[in-house]
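Report on the following structure.
Numbering (my numbering), first residue to last: 5 to 202.
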């Protein structure tokens with residue numbers, strides 16, 4: 005599994021995985037439930053910037069994360085503008101981007117093993133009903149890591165296209181991106197199968 009964990013000594017890195025995940029989930033839900041308006045976009049942006057600054061990751065890391073998801077932002081804005089007015093498109097996109105960037109805080113500051121342990125502890129009571137906590141914990145950990153991994157794959161595809169002299173064209177980007185995404189999914193599935201996860 006590709007890990008995006010960045011070692012650090014700040015309080016975010018030292019915080020237990022469970023409470024940290026819960027805190028980030030609460031903030032993301034609060035932003036998601038805001039009404040659609042210009043000020044919602046401002047709040048989402050401000051909360052995200054302040055989170056990166058307050059947690060010691062800085063604007064440099066925020067910029068790197070934004071760069072990784074630039075294609076997701078582009079596709080989201082374009083899709084929204086097809087069906088909604090500009091205010092709604094900007095507001096919705098800013099909330100989606102804020103959610104992704106805030107979720108990245110969890111992945112950047114928590115080892116995958118710690119996330120798995122936290123999810124397993126929370127899900128353990130469901131074992132009485134035939135639910136396998138370790139399997140669900142693994143699925144959740146993979147899901148949390150998926151967005152940043154796809155963002156990195158998108159960056160790699162774009163860089164490869166630039167090296168070949170290809171222009172910025174969304175259509176010529178989508179097909180190779182889907183191919184490498186599906187290849188990554190196959191490799192991840194094979195790795196999980198090799199470890200006995202079915």
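From the three backbone atoms N, C-alpha and C, an ideal C-beta is built for every residue, glycine too.
Identify the continuous alpha helix (DSSP H) that holds residue i and give its terminal residues.
i	result
residue 80	74–87
residue 176	174–198
Can you give the Cα-Cα distance for residue i and residue j, rounded to whole angstroms?
i	j	result
residue 6	residue 149	No answer about residue 6 holds up, because its pLDDT of 44 lies below 50 and its placement is not dependable.
residue 11	residue 111	11 Å
residue 28	residue 141	17 Å
residue 192	residue 107	21 Å
residue 179	residue 186	11 Å
residue 75	residue 92	19 Å
residue 123	residue 115	13 Å
residue 109	residue 60	11 Å
residue 70	residue 16	20 Å
residue 36	residue 80	15 Å
residue 164	residue 183	14 Å
Can you tell me whether DSSP reads residue i as helix, strand or coil?
i	result
residue 54	helix
residue 95	helix
residue 14	coil
residue 19	coil
residue 29	helix
residue 5	Because residue 5 sits at a pLDDT of 36, beneath the cut-off of 50, its placement in the model cannot be relied upon, and the following sentence gives the value as read from the coordinates. Coil.
residue 167	helix
residue 152	helix
residue 41	coil
residue 60	coil
residue 24	helix
In chain order, what are the residue ranges of uninterrupted alpha helix (DSSP H) at least 4 long that sit wholly in the region 100–140? Listed in chain order, they are 116–127.
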